[in-house]
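Chains as they are written, first to last, in my numbering: chain A, 1205 to 1541; chain B, 201 to 423.
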């Protein structure tokens, strides 16, 4: 799957929020990554690191005071420069299916799940006629494992897990080439997390349906277990920057993450050391000139006052040596970035 | 001792989500309650924290049956519980700065004079910096807001803590940090804990004892 052309190609994406008083918040800075068909890229990081802003930028859903620069190519279209009409008519739902962060807020509170799924089916697919739409909606709900006896419920009558499945069902309706899942497993129990990510995985792999193109999945999550289960590659975000981009197997297994922040994040897991990274992430409005993680890093020294360039997929002045790195530090091939 | 005996509770009397469930937490004990989404474990936690009146069953607090719930519960009972919910955004008044959010229980119980000292102390404990304290919920991240919600739960020095999916919205590092705060508090005060969640690995690591929802109902109990 190395030679496949990327579905989504992000180059130098930055998002700035202009605040009253001329303050600028650097929510995302210079993000580069690709997501190929049949591939899942998991974007992980602490809350408030800019993950969700990045997702909003790709869908043109940033608030008015935000300014996105760079390029995000999807099927010949630059998502960042597309106008609202293009975004509404061809992008949202059709090119990018969004699985939102808080489904309870995403669903319309005054309508039943059935009516919302049916509306989505009618808007995004060629299915016409009451009976057709009804059965297509039922099939869509089934695909996301949403129980059909709950279709006539309103969002407030659903548990967090069921609301998430309803939102997932809506995102799958349009058969978009790129699925964008923003914290799809928050609030779900472990079995449901496994089920949800397996379902997402199945949707991008599409076994036994050779006529349909494979899909790409960009999953934004803080759930490292879910990321480990589903991802082919992992992008770690810290203070608005992607600090490490790595193969998921090497990241979660051997030799492990190379950026000290990534290592700290994994060591905080309850089945590992269960120790937090000391301190808090820096404010996005007043980032240091150098490495943003230096203040919390046990490997920090004077060189960290300068912003580290991303070399070999890691933006750090003294990364932990990775696989095949022991002999020739710095001579490694560039990971796809 | 916190004892829930044959509790039946829910939002529709004909179809309660919690049926005949019993569970007890000894003083100083940390009990993890595991169960799938929507099984009723949060409702049970609300009953235990005096926030939801059960349809039937008994809640015994140090041997005394509880007769009143929510705002009707006597203040000494209400303030014996600190509760942290899953979604900090829904558990925080959007109009209050974090410092007022943390101080609110003190003001509500007429202990205004303790505010400056207690808020400063707790902010340090949960890792909130002074500039964050002046902000309102929409100006901070979920993780920072949950830190403030945990500080609010601890501000009255409760004897019991009820953490309902406290860390479900949080990243690994913030999770580890908040669990450490709860454990430090319990080590210092001997408070009991009921932690509700669905992360088996986390609750096993965190609690003295974990019970699965299925073993708590009348049919599933072995004794």
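Glycine included, each C-beta is placed from N, C-alpha and C at the ideal position.
Tell me the DSSP bridge mates of residue i?
i               : result
residue 360(B)  : 281(B) and 392(B)
residue 412(B)  : 234(B)
residue 264(B)  : 261(B)
residue 1275(A) : 1215(A)
residue 1210(A) : 1240(A)
residue 441(B)  : Here chain B has residues from 201 to 423 only, and residue 441(B) is not among them.
residue 1221(A) : 1229(A) and 1270(A)
residue 1425(A) : 1248(A)
residue 1384(A) : 1302(A) and 1422(A)
residue 1235(A) : 1217(A)
residue 1441(A) : 1446(A)
residue 1451(A) : 1437(A)
For residue i, I'd like the list of residues in its chain whose CB is within less than 6 Å of its CB, leaving aside the five on either flank, ordered along the chain.
i               : result
residue 1275(A) : 1215 and 1282
residue 1411(A) : In this prediction, residue 1411(A) scores a pLDDT of 47, lower than 50, which makes its location untrustworthy; the coordinate-derived value is nonetheless stated afterwards. Closer than 6 Å at the Cβ level, and outside the excluded window around residue 1411(A), lies no residue.
residue 253(B)  : 269
residue 363(B)  : 284 and 395
residue 1301(A) : 1375, 1378, 1380 and 1383
residue 1445(A) : 1233
residue 1511(A) : 1494
residue 1422(A) : 1239, 1245 and 1384
Among the options, which one has its Cα closest to the Cα of residue i?
i               : options                               : result
residue 342(B)  : 352(B), 354(B), 215(B) and 367(B)     : 367(B)
residue 428(B)  : 235(B), 292(B), 348(B) and 304(B)     : Nothing in the structure corresponds to residue 428(B), since chain B is present only between 201 and 423.
residue 1400(A) : 1463(A), 1345(A) and 1445(A)          : 1345(A)
residue 237(B)  : 1356(A), 1472(A) and 1367(A)          : 1367(A)
residue 273(B)  : 288(B), 285(B), 284(B) and 247(B)     : 247(B)
residue 245(B)  : 214(B), 210(B), 227(B) and 271(B)     : 210(B)
residue 1522(A) : 1447(A), 1292(A) and 1480(A)          : 1447(A)
residue 1503(A) : 1398(A), 1465(A), 1311(A) and 1445(A) : 1465(A)
residue 220(B)  : 340(B), 230(B) and 255(B)             : 255(B)
residue 1375(A) : 1335(A), 1479(A) and 1295(A)          : 1295(A)
residue 320(B)  : 393(B), 287(B), 354(B) and 227(B)     : 354(B)
residue 241(B)  : 365(B), 376(B) and 392(B)             : 365(B)
residue 212(B)  : 1361(A), 1492(A) and 1405(A)          : 1361(A)
residue 308(B)  : 316(B), 401(B), 330(B) and 279(B)     : 279(B)
residue 1430(A) : 1455(A), 1406(A), 1418(A) and 1402(A) : 1402(A)
residue 1307(A) : 1405(A), 1462(A), 1369(A) and 1509(A) : 1369(A)
Roughly how far, in whole angstroms, is the beta-carbon of residue i from the beta-carbon of residue j, given that I think they are within contact range, below 8 Å?
i               : j               : result
residue 335(B)  : residue 297(B)  : 6 Å
residue 1221(A) : residue 1261(A) : With a Cβ gap of about 11 Å, residue 1221(A) and residue 1261(A) do not count as contacting.
residue 1524(A) : residue 1467(A) : 6 Å
residue 1382(A) : residue 1278(A) : 6 Å
residue 1317(A) : residue 1357(A) : 6 Å
residue 1517(A) : residue 1450(A) : 6 Å
residue 1390(A) : residue 1471(A) : About 22 Å; that fails the 8 Å criterion.
residue 243(B)  : residue 217(B)  : 5 Å
residue 351(B)  : residue 323(B)  : 7 Å
residue 1420(A) : residue 1243(A) : 6 Å
residue 338(B)  : residue 294(B)  : 6 Å
residue 1258(A) : residue 1286(A) : With 8 Å as the limit, residue 1258(A) and residue 1286(A) do not qualify as a contact, their Cβ atoms being about 16 Å apart.
residue 358(B)  : residue 388(B)  : So it is not a contact: roughly 13 Å between Cβ atoms.
residue 225(B)  : residue 202(B)  : 4 Å
Which same chain residues end up closer than 8 Å to residue i when comparing Cβ atoms and leaving out the 5 residues on each side of it in sequence?
i               : result
residue 404(B)  : 232 and 410
residue 1489(A) : 1223, 1227, 1228, 1229 and 1230
residue 314(B)  : 306
residue 349(B)  : 284, 285, 288, 291, 292 and 301
residue 1313(A) : 1358, 1359 and 1360
If we define contact as Cβ-Cβ less than 8 Å, is residue i a contact residue for chain C?
i              : result
residue 305(B) : Considering every chain present, this structure includes no chain C. Its protein chains are A and B.
Looking only at its own chain, which residues have a Cβ that is under 7 Å from the Cβ of residue i, when we skip the five neighbours before and after it?
i               : result
residue 1530(A) : With a pLDDT of only 44 at residue 1530(A), under the threshold of 50, the placement of this residue in the model should not be trusted; the figure read from the coordinates follows. Cβ neighbours of residue 1530(A) beyond the five flanking positions: none.
residue 1373(A) : 1321, 1344, 1345, 1347, 1348 and 1350
residue 1340(A) : 1325, 1329 and 1331
residue 416(B)  : 221, 222 and 223
residue 423(B)  : For residue 423(B), the predicted structure reports a pLDDT of 44, less than 50, and the residue's modelled location is therefore unreliable. The matter cannot be settled from this model.
residue 1532(A) : Because residue 1532(A) sits at a pLDDT of 40, beneath the cut-off of 50, its placement in the model cannot be relied upon, and the following sentence gives the value as read from the coordinates. Same-chain partners within the cutoff: there are none.
residue 1309(A) : none
residue 1213(A) : 1238 and 1277
Please list, in chain order, the residues of the segment 312 to 336 of chain B that have any C-beta partner in chain A closer than 9 Å. Cβ contacts with chain A: 327, 328, 329, 331 and 332.
Going along the segment 1384 to 1410 of chain A in order, which residues come within less than 9 Å of chain B, judged by CB to CB distance? Residues 1387, 1390, 1391, 1392, 1393, 1394, 1395, 1396 and 1397.
Between the segment 352 to 376 of chain B and chain A, which residues of the former have a C-beta closer than 9 Å to a C-beta of the latter? For the segment 352 to 376 of chain B, which is checked against every Cβ of chain A, the residues closer than 9 Å are 365, 368, 369, 370, 371, 372, 373, 374, 375 and 376.
In chain order, what residues of the segment 1343 to 1366 of chain A put their CB closer than 7 Å to some CB of chain B? Of all residues in the segment 1343 to 1366 of chain A, those with a C-beta nearer than 7 Å to a C-beta of chain B are 1363, 1364, 1365 and 1366, reading in chain order.
Of the residues that make up the segment 1472 to 1488 of chain A, which ones have a beta carbon closer than 7 Å to any beta carbon in chain B? Across the segment 1472 to 1488 of chain A, CB contacts with chain B closer than 7 Å involve 1472, 1473, 1474, 1475, 1478, 1479, 1480, 1481 and 1484, in sequence order along the chain.
Could you list the residues in the segment 1445 to 1475 of chain A with a C-beta less than 7 Å from some C-beta on chain B, going in chain order? For the segment 1445 to 1475 of chain A, residues whose beta-carbon sits nearer than 7 Å to a beta-carbon of chain B comprise 1468, 1469, 1472, 1473, 1474 and 1475.
Near-chain B residues of the segment 1235 to 1252 of chain A - C-beta to any C-beta below 9 Å: Using a CB distance below 9 Å, the part of the segment 1235 to 1252 of chain A facing chain B consists of 1248, 1249, 1250, 1251 and 1252, ordered along the chain.
Residues from the segment 400 to 420 of chain B in contact with chain A, defined by Cβ distance under 9 Å: Interface annotation for the segment 400 to 420 of chain B against chain A: 400, 401, 402, 403, 404, 405 and 406, criterion Cβ-Cβ distance under 9 Å.
Residues of the segment 1417 to 1436 of chain A with a CB closer than 7 Å to any CB of chain B: list them in chain order, please. The segment 1417 to 1436 of chain A vs chain B, Cβ under 7 Å: 1426 and 1428.
What are the residues of the segment 211 to 240 of chain B that lie near chain A, defined by any Cβ-Cβ distance shorter than 7 Å? From the segment 211 to 240 of chain B, only 236, 237 and 238 have a Cβ closer than 7 Å to chain A.
What residues in the segment 376 to 400 of chain B bring their beta carbon closer than 7 Å to a beta carbon of chain A? Identification of residues in the segment 376 to 400 of chain B having a C-beta nearer than 7 Å to some C-beta of chain A yields 376, 377, 380, 398, 399 and 400, given in sequence order.
Residues in the segment 336 to 349 of chain B having any Cβ partner in chain A nearer than 8 Å: Listed in sequence order: 340, 341, 342, 343 and 344.
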